[in-house]
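Enquirer: For what it's worth, the numbering used here labels the leading residue of the sequence shown as -8, then goes sequentially.
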Amino acid sequence: HVLILDEMNRADLSRTLGEAFSLLEDRGQVMELPGTDASGKAMTLRLPSNLYVVGTMNLIDQSVEQMDFALRRRFLWVRCSFDRSALIAASKARWEAGGGRLGWDRVAPDFERLATAAEALNRQIAASPLLGSQYKIGHAYLLDVVSFLREDLGSAPRTFLWAGDKAKRPVEQAWDLSLKPLLDEYLAGLDPRSRDGETAKLREAFLKPPAVSD
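As C-alpha cells, this is what we get:
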C-alpha cells in the first residue's frame, strides 16, 4: 500500500498526522488513541510494515510550511532536479498520444536540442549570483512545447523548434508563457533594472540555438 503526499509541506504534517507521526518509524507498534469507539472501548492505531509513504515538496516555495527535523528524519530524501531523459521520454509519450502524420523520429532531434537548451539555462541559473542551483528549472515546465509545436506545424514543415540560428515560436512560447513568468517570481524582490538584466541573460542562454550533437 502506497500513500502519496503531493507537496506535503503545504500542511503542518506533525499536526496532520497526529499519532501516526511517531508510528512512521515504529511499524507494528500499537498506540492507544484519545477517545473511545461507539462501544466505549479505547481506540488503537498501528501502521503496518507494507505501508509506504512517498512525499513531494518544492524546497524554494517560501509560502508554505517548512519541515521540522523530527519529520525529516522519518524519511529518506532524493533530490529530483532537471532530468534530460525524463523530458525526452515525457515529450515522446505526449507526442505519440496526440497522433498525427509526423512520427516522433522526425521531431526527436529538435527535442534533444530543447533538452540541451534547458541544460544551458540551468547552468546560467546555477552561476547567477542572484539565483543559484536551488532555482534550477525542472523538465515539467517544458512539456507544453509539444502542444505549441503541434499548433505551429504548417502543411509542409521543414524545421520544428529551431530554424538556423533562431528559436521558432514553440520555443519562444515556452519562454514567454512558462519559464519567464516563473523566473520573474524568483527575481521579484530585485529592482526592475537588475531583474530585467538577469532575465535577459537567462533568455539568451535558453533561446540561443544549441549545437547539434553528432
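Each residue gets a CB set at the ideal place from its N, CA and C atoms; glycine is no exception.
#1: When the Cβ atoms of the segment -2 to 8 are set against those of the segment 32 to 48, are three or more pairs found closer than 8 Å?
#2: Output needed for LEU207: all residues of its chain with C-beta closer than 8 Å, excluding positions within five of it in sequence on either side, in chain order.
#3: Buried or exposed: ASN113, going by 16 or more other Cβ atoms within 10 Å of its Cβ?
#4: Is there contact here, the segment 114 to 126 with the segment 75 to 88, by at least three beta-carbon pairs under 8 Å?
#5: Measure how close the beta-carbons of ILE127 and SER72 come, nearest whole angstrom, since I'm counting them as under 8 Å.
#6: Taking the straight line between their C-alpha atoms, what separation do you get for ASP101 and ALA111?
#7: Taking the Cβ atom as the reference point for each residue, do LEU178 and ARG184 lie within a distance shorter than 8 Å?
#8: How long is the line joining the alpha carbons of ARG37 and ARG70, rounded to whole angstroms?
#9: Where does the unbroken alpha helix (DSSP H) through LEU(-6) begin, and where does it stop?
#10: What's the gap between the Cα of SER166 and the Cα of PHE60?
#11: Going by Cα to Cα distance, which pick from LEU152, THR27, ALA196 is closest to VAL162?
#12: Given a cut-off of 8 Å on the beta-carbon distance, is the pair HIS130 and ALA109 in contact?
#13: Quick one: residues in its chain with C-beta nearer than 8 Å to the C-beta of ALA14, no 5 flanking neighbours on either side, listed in chain order?
Expert: From the atom records:
#1: Flag = yes, the segment -2 to 8 and the segment 32 to 48 touch.
#2: Since the first residue shown for the chain is -8 and the last is 205, residue 207 is missing from the structure and cannot be characterised.
#3: It counts as buried.
#4: With a cut-off of 8 Å on Cβ pairs, the segment 114 to 126 is not in contact with the segment 75 to 88, counting fewer than three such pairs.
#5: A small fix is needed here, since residue 127 is Lys in this sequence, not Ile. The pair is a contact, with the Cβ atoms about 5 Å apart (cut-off 8 Å).
#6: C-alpha separation (whole angstroms): 15 Å.
#7: Cβ atoms of LEU178 and ARG184: not closer than 8 Å.
#8: Rounded to whole angstroms, the separation of the alpha carbons of ARG70 and ARG37 is 30 Å.
#9: Per DSSP, LEU(-6) belongs to no alpha helix (DSSP H); it is in the beta strand (DSSP E), -7 to -4.
#10: At residue 166 the sequence reads Trp, which differs from the Ser that was named. Each residue's alpha carbon lies about 37 Å from the other.
#11: Closest option to VAL162, judged by alpha-carbon separation, among LEU152, THR27, ALA196: LEU152.
#12: If you check the CB distance, HIS130 and ALA109 come in under 8 Å.
#13: One point to set straight first is that residue 14 is Leu, not Ala, in the sequence displayed. Within the same chain, LEU14 has close Cβ partners GLN20, MET22, LEU36, ARG37, LEU38.
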